[in-house]
Structure formats: structure tokens, C-alpha cells
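In order, the protein sequences belong to chains A, B and C.
Per the working numbering, residue 95 is the first one in the first sequence, and the count goes up by one each step.
Per the working numbering, residue 2 is the first one in the second sequence, and the count goes up by one each step.
Per the working numbering, residue -10 is the first one in the third sequence, and the count goes up by one each step.
Cβ coordinates follow ideal geometry from the N, Cα and C atoms, glycine included.
Read through the structure below, which is laid out as C-alpha cells, and then see the notes.
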Amino acid sequence: MTPVVLAKSVLLGVPLWLFVSSLLTFKPAWLKHLVSIAAGVAVALAMVTLIPTGILSYMTTFILMASIYGVLSLGLNVQWGYTGLFNIGIAAFFAIGAFTSALVTTVKPTGFNASFTQQAFGLGLPFWVGLLAAGLMAGVLAWLIGKPTLRLRDDYLAIATIGIAELVRLVFQNERWLANGPQPLRGIPQPASCLAGNGCSWLPGFVNDFFAPLTPRDYPFVYVAIVALVLYVVYRVLERAIRSPWGRVLRAVREEEASAAMNGKDVAAFRMQSFVVGAVIMGIGGALYAHYVVAIDYGHFDPLYGTFLIWVMLMLGGSGNNRGAILGAFVVWGIWSGTSFVVDLLRPTLAAISPDLPSRGPYIRFFLISLLMLFIVLYRPMGILREEKVVSLDRDLA
Amino acid sequence: MRLRPGERFQRVIGSPIAMYVVLGLVLVALVIAAQVKGLSGNLLFSLFVRGVLLGGTLALGAVGVTLVFAVLKMANFAHGDLMTLGAYLGLIVVALLPKGAPLAPFSFGYEFLVAFLLVVPLVGLVAFGLDRVAFRPLRARRAQPIMFAMAALGLAFGIRSLVYIFWGADFTFYYSGRARPAVELFAGVRVRPDQLFILGLAVVLIVGVYLLLERTKIGKAMRATADNPDLARVSGIDTGRVILWTWLIGGGLAAAGGMLYGLDVQLRPEMGWWLLLPLFASVILGTIGNAYGAMAGAFVIGIVWQMSSAFINPAYGHGIAFLVMVLVLLVRPEGLFGKRR
Amino acid sequence: MALLRVEDVQTGYGEMQVLRGVSLTVAQDEIVSIVGPNGAGKSTVMKLVFGLLKPWEGRVTFDGRDISGMAPEKLVRLGLSYVPQVDNVFPTLTVEENLEMGGFTRTGSLQEHKERVYELFPRLAERRRQRAGKMSGGERQMVAMGRALMLDPKLLMLDEPSAGLAPLLVDMIFEKVVDINKAGVAVLMVEQNAKKSLQLADRGYVLATGQNQVDGKGSELLSDPEVARLYLGG
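See below:
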């Protein structure tokens, strides 16, 4: 058991620990976590020792990306799953989050570099500030768009969110001064990258020593732990919220049971709260994405990747169910990545049909995802996991 | 009934007249802004004319959106991509036919006309077929609106992926490399002859839709079904046939709009998606479900879109359409011709 | 022989049972009126006959054919016509277009039928180009009835034709019902206005709590003090 194996296992153990602990239900909590940490690290150790390095790092980035999409899917679940709000412009909040965090955490380039990368500002603040700012900005955007549209019929909200997503994308495409226009905004810092480098000054020496064998190429192992923690925190907060009186009201708003119990003003307020909370989570998801890919441009927030894929995830996983939202993210990201293999395998066949086809492989995957959506809508409208029956006092009394 | 001042204010801004005043003010503001910026009235007028031309193409798409909404009570987010499909199917036909000389003064040859005549009914049938596959099962089980929206998005992205697969992501033209000179129409307003053809054809089709809805039995039945679907069934109206015609007309006009837009501007896989916002803006402005309202809305949106390009980056064109839509939603969500609920 | 026969039908909406055993018949040229208190299931009977609800138990026959749960568009072809209580016109269509929609299943010219409706309701002839949505309640009721007559039905079903109308108009509408009946059309109607409708009906059914309670000649029901006390509000 070499030091590098240990270091990787501890990091990869984090998502596994959180996964196991969310499956276990027994009390007390400390015992549950003790058991799941042991199980998570053990599984991680087995994975790191048994699986070849290439495949292992592929799996790590897979968990990483799926977890980021899991955050986005949870955000949508708040809006659609719990309150029935029709957001077809997830990409807007995704993009705002990503660009906000990028601008908050990068340093505005000076001198020679400034001619390559223009940006409105660069605050050089830490990652967690970027994360919060991303959530805040996405929330503000949601408030602005929700104000005129949330009181209208669902279809209007849908088209308005499509519009806002296009507008946000257009702004980031055309405004060079803001975030480097059509060129990518580069150099977004990777949080705790020092752990997979020269060691972090803010950590005690023995921790740095423990992770010292990691090289920058192993950074995904660090980031997967961070993303998994964020996903877990979001998940737990939502589970709490949905079982609170607030969550009960949200469901009542969706079922339109609310009309009798409360006046229209309150309904509007709750719809707005849910829309903003969902958008904040999407913004955080955007920030997580930006700090992973390091360079972002408007093209990353195309309605296909930025909105549609996330809807497929939530619908497949099961709307109204937070676990379903995360499960859907993993399954659909799995299908998405899997089709990439298939398309790669088919490369010679495609080339034989037409020399242009191999380079258009990604679109074949898009096509398959579209078919998947149609399949879900027609044959599996409830998704894999049905909505949980949450104990609701209101309904029992009614 | 006594109204609080706020409510009275709401009533006043919500009235159709106020809406026309707002639209008028937008136009006046554009003209004043042009004066301030020192733009020539000529340029502005040219943009206005181009806006009318664009409005004609938009109207063809918007009518379909609003008819489908009226008859089937669903927002068809795949409508823009039906336009894309029409444009690219037209490209296939044009490419297959032996090239003839351009029909002067236009830039296109007979191939384009043949393609138009073939593709318009074809896409109408395709639209109906897609309804059979994707939407009819949802209607049968009385699915929630979200399911219709997602099915429509699935179709939209599916169509767009097919276009990407067959033609790649680049833009293209019906007649690559052929010159499309503009001629002076009057008073320094320059347009391409193609654009006059496009507007003329759009107007013919719009009149056709009008006649169909007002004079034919099936057109009246479509309006009746839009008014009151239950009563339509009770009256013995064959709703299946109404739905068939709704898609034939909606899909056919979408294809026509797509081909004409492609002839005027260019063909791009994303063209339909980008047109979706102006289409819905037109439909909402002209009151959802009102075919004539959608046409009127399309011309307004087309004009505002083009004229705004004198002041801001033209890349924001469809963003402007979106802003107009938000304005309408804020002031009078039921549109120009709707009744206050 | 009875034209319409409802045989011991039970039905309802979703889980909620509304009709608990209703039977009635309408003969070839009768006017039959269903009366009873609110919530008795009167309108439900109409929806049941017109295929908008399927019977859970029992059956409905028309002209000797089982029509239980048959789709409205088919019933129309058999000679049934139905005027719902509310939303019974196409508001953005003109009066004339409303009538044409009533005759949708007919392939030939509708001119003759339209003329007959205009004869019955001269008021509509004057306003044939007017949009139905802009008309008064009484005029709408005429449009709705005219629409339902366009296919020469054997049986006309009217759901509360007098609801919300001024007293003068109520009388006028009821007179028209009698005229229509004289022209050879059987009429089945549901009425809130029990006294008036029983006066002109050949026979009446009193419906309460989803069951037939009493039936008989219209005039007999009216004069029955028990019926009056229990179901007609004195």
C-alpha cells in the first residue's frame, strides 16, 4: 500500500462515504458516519488498488461531473419537482453562476496578458466566496425574471426562461469587456489544488505530508471530494427543507390545494421563494463546473447541455424526489458518457458512410438523448424513483 | 366598483389602447434616438422596411404556434425546429435538382420553387406524424403540460441533432457563392429582389390562411375547436380531422417560413431555436390562440428587431424580441387582442 | 316504443358516485323534464346519456341500440343533440358559423336547415353576422338551441335552458321548446325551474340523492302535494 494509494483512497473515500451514509438510516448519527466512513474508505482502497490508473481517473472524473450535474438537477427539483415551476432556462442560472464565480476568484490580468483576456473585474477571492457569490447572482437573476412571470400561466414562465437563457448566453458571447466575449475566460483557480501540488500553507504539515505523493494530474481526486461534499450539503439541506412546514406549503402550492388555505399573495411569494432557491443551487452548480473546467465560454451553456440534459436527468430520476434527482444525474451522465464510447467505436463505420460523420459524433449522442427524453415522457413519466410520500399534516387534516 | 389607485393604474396600462400607445412610443423613441445619434432617417426607414420583410417570415411561423396552441392547448417548443427542418429539406431538393439559371431579378432558380412546393406539404405531414407519435399519447392520458413541453423539446433537439449530423454545424446557403445584389426600391431604400419575393409569398400565404379560417368548413371547425373543444365534440365536429389540419397548416407554414428565412439570410442548424423567441413574442403580443393577432405581432416584432439594430449590436436581435415579450407580459399578458380575465 | 331508455344506471366522477340507480324513458314525441333539488344529479344524467360519462352499472339505449358511453361525435350521427348549460356557444364565431358547426357532420348544403332555425328564432336571422360571444344570455341560448337543431335530431337534450335568464325570456325559451317538440323532436330537459317545466312537459321525473323518487305526468306531479313539499320547495 503505497502512500499515493492511501492519499487517493482517502479522497475518493469522501463521495463513497457520503453515498453510503445517505443510504443508511439507523441512529445515532455518529455511529452511522463511522460505519460509512469505514465502508467508503475500504471501497475506495479496493478501487484504487485493483483498478488500473487510467480507468480509475476516468471513473473519478465521471463521479465528479455527475455530481456537478446532480447539484443542478437538485436545483431543478426544487423548482419543478416540489413547486411545479417550469424552468426551461436552467442554462441561464448555470452560466451566471459559472461566470460569477470565475470573475470573483480570478485576478484581472494586467500588462501583456490583458490584451488576451478582458474581464470586467477579478477579485481574486477564495473559492467558497465564489460559490456563494454564484448562488447569490443566480438568485438575483431568478428574482428579476420571476417577478413579471411567476404570476402568469406555466407556459409563459417556460418561454420567459428560454428567453433569459438565450439573453444571458448572448451577453457572454458578445460583451468582450465583461468576461472575454466569445473567447474563453481562462485561468479559473482550482480550489485546494495545492493539495495535489506543493502543499497548502493553510493546512497543518502532516496533512500536506500525507497528500504529498499526489501530482497535479491527480487533482480530480481532490475536487471530487469537494464536489461531493457540496452535493451532500445541498441534498441534506433540501431534505430538511422539504420536510419542514415550508416544504409542505411548496407541495401544496404545486397541487393547487393551496387556494383554499391561503391567499394569492402568499402563493406568489412561495413560488418566488422556490424559484430563487432552485436558482441559487443551479448557480452553485455552475460555480462548481467553472472551477473544474478552468476555462469557460458561452458555448458551455448551450440549451442542450445547459438545460435539456438536466431535465432528462430529473425526469428519468424521478421529479419530486431528491435522491431521484441525483440518481438521474448519474444515470444520464453515464448514458451520455457511454454513448461517447459507442460513437468512438463506430468511428470507422461512420467514416465509411461519410468522411464528415466521425467529427459529428457528439450530435449522434444528442439525438440519442432526445430519443431518451421522448421515451421517458411516453413510457416512464414517473421516472425511476417515484415521488416520496412525505408525511404531510395538512393533507391528513383535510 | 371602487378601485384603488394602483388598480386603476393597472387597468389603464392594461387596456389595448395603452398598448398601442406604448408601441407607438417605442417607435417614436427609436426615431428620436436616431436623431440624437445622428443616424439618417433613410437608414431608419430602410430598417423599417427590412423589419416588415422579416415580419412576413415570422408571421408564417407564429401562425402555426398560435393555431397549435388554440386547438391543442399546448406550447409547441418544437415549432422553430420544424422551420429548420423545412429549410434543410428544401436544401436537399435544391441540391438534387439539376441547376437552372437564376430567375432574374431573383437569385434563385426554378429549383427553389419546386422545393418549396414539395417541402411545405411534406413538413405538414411530418408535423402531423410527430403529433401522432409524441403528443397524441400524452393527450390520451391527459398528461400534465410539462410532459408536452418536454416531448416538444425532445423533438426540437432531435430535429436539430439530425440537421447537425447530416449537414454539420456550419451555416450554408441555398445557392452558395451566388451574388445577391440589392436594388434601390425608392428614396434610397435598398432591398434585394429576393426579399420582395419573400414578402409577397408570405402575404399570399397569410391571406390563404385567412381565407381558410374564415371561409372553409375545416377552418371554421378549427376556430370552433379553439373556442370550446368540449362543445366542438358535442356538436359532432371531427376533432381528429381538425387536429390533422392544424398540423398540416402549422407545419406547412413553418416549413415555408424556414425556407424563406433561409433564402433571405442563411441556413443554420440553430436558426429555428433562435426564431423560437421572436415567434413566441409575436404570439403573446398578438394574444395566444389568435391567428390574426400572431400575424400582427410578428410584424411588430420584426420591425422592432430590425430597427433596434441601428443602436445596439445586431447580435442581440432576438434578445430584443424577448425584451418586448417581457414588456408585454408585464403590462398586458393577455396580449393586444385578448380579453381581461 | 321508447326512443331513449336509461336502465337503472349508476355512475359518478372518479371515486364519487353521483347516480345510484336512475331509470327513465323518453318516447318519440314527448317532452320529458327532470326536476329535483341541487346536487340531485340532474346534469349528470345528461352527461351520461351524451357519452361524457360511462355507466358503472346499467345501460343506455337509443332507438333500440346500446349507446352506453358512446362518443359524442357518434351520438350526433344517430340523432341526439345536446345543449350544455354553460359555454354552449362558440364565442368568437358568428351566429351563422355557430349554426354551421352544428351541422358539421352533414356534407350537403346547410342553407335549408339554417333557414329553419332562423324561422324559429327570427332574432338570430337579424344578427347572423354577429359574434356569439358578444350576445346576451337569451340570444346565446337561442344560438345554442339552433346549433343543436341543425342535424334534425330525433332527441334534443337541454341542460337548464332557462338558467340565468330574465322571466320574460324564460317563457319565450319554453315556448320555443314546445314549438320544437311540435315539429317532431323529442325533448329531454333538466330544469331548476320545476313548475314551469313540468307545466309544459308530458311527463316528469323527480330526482333526488341520485335516484328517481317519483315520476308521472307533468301536471300530476305538479298537483301532488307530497312532491311539491319534498322536492319542489312548496
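- The DSSP-derived three-state label of K206(C) is strand.
- Look at the beta carbons and you see the segment 88 to 95 of chain C touching the segment 140 to 148 of chain C: at least three pairs across the two are nearer than 8 Å.
- Chain B places no beta carbon closer than 7 Å to that of I390(A), leaving this residue out of the contacts.
- Between M159(A) and L244(A), the C-beta spacing is not below 7 Å.
- Contact check for I285(B) and G251(B): beta-carbon distance about 17 Å, past the 8 Å limit, so the pair fails to qualify.
- Residue-level contact by beta carbon fails for G294(B) and chain C, as no gap is shorter than 7 Å.
- According to the DSSP assignment, Q100(C) belongs to no beta strand (DSSP E) but to the alpha helix (DSSP H) extending over Q100 to L109.
- Relative to the Cα of A273(A), the nearest Cα in the group G291(A), L106(A) and I190(A) belongs to I190(A).
- Every alpha helix (DSSP H) stretch that sits fully inside the segment 306 to 334 of chain B and reaches 4 residues is listed by chain position as 318 to 332.
- When C-beta distances to chain B are compared with 9 Å, the residues of the segment 62 to 74 of chain C below that value are E62, K63, L64, V65, R66, S70, Y71, V72 and P73, in chain order.
- The DSSP assignment places no complete beta strand (DSSP E) segment of no fewer than 3 residues inside the segment 103 to 130 of chain B.
- For M90(C), the uninterrupted alpha helix (DSSP H) run begins and ends at V84 to G91, by DSSP.
- If the five residues before and after L126(B) are omitted, its C-beta is found closer than 6 Å to no C-beta atom of its own chain.
- In the three-state reduction of the DSSP assignment, R193(B) falls in the coil class, being assigned neither a helical nor a strand state.
- Here the segment 192 to 204 of chain A makes contact with the segment 373 to 392 of chain A; the two share three or more CB pairs at distances below 8 Å.
- One Cα belongs to L44(B), the other to A63(B), and the distance between them is close to 27 Å.
- In the structure shown, the three-state DSSP call for G25(B) is helix.
- Secondary structure of D148(C) (DSSP, three-state): strand.
- For the segment 76 to 103 of chain B, the residues whose beta carbon sits under 8 Å from a beta carbon of chain A are, in order, A76 and F78.
- In this structure, L82(C) sits away from A150(B), with a CB-CB distance that is not shorter than 7 Å.
- Shown here, F369(A) sits in a helix according to DSSP, grouped into three states.
- For the pair L31(B) and I429(A), the Cα-to-Cα distance works out to about 50 Å.
- Boundaries of the beta strand (DSSP E) around G47(C): E46 to F51.
- Scanning chain B for C-beta atoms nearer than 8 Å to the C-beta of P142(C) yields nothing, as the closest lies near 10 Å away.
- The C-alpha of G237(B) lies about 19 Å from the C-alpha of L(-7)(C).
- Here S130(A) has W111, V114, S115 and L118 as same chain residues with Cβ atoms under 7 Å from its own Cβ, once five neighbours each way along the sequence are excluded.
- Annotation note: the segment 119 to 193 of chain A contains the following uninterrupted alpha helix (DSSP H) runs of length 4 or greater, listed N- to C-terminal: 123 to 144 and 147 to 170.
- Shown in chain order are the members of the segment 301 to 330 of chain B whose Cβ falls below 7 Å from a Cβ of chain A: N314, A316, Y317, H319, G320, F323, M326, V327 and L330.
- Taken through DSSP and simplified to helix, strand or coil, Y383(A) comes out as helix.
- As DSSP reads the structure, T14(C) sits in a beta bridge with R(-6)(C).
- In the three-state scheme derived from DSSP, where H, G and I count as helix and E and B as strand, E180(C) is classed as coil.
- The beta carbons of P278(A) and A389(A) sit closer together than 7 Å.
- DSSP places S295(A) outside both helix and strand once states are collapsed to three, so it counts as coil.
- Distance from the CA atom of L249(B) to the CA atom of P122(B), rounded to whole angstroms, is 7 Å.
- Inter-residue distance for Q307(B) and R116(C) is about 44 Å (C-alpha atoms, whole angstroms).
- For A259(A), not one C-beta of chain B is nearer than 7 Å to its own C-beta.
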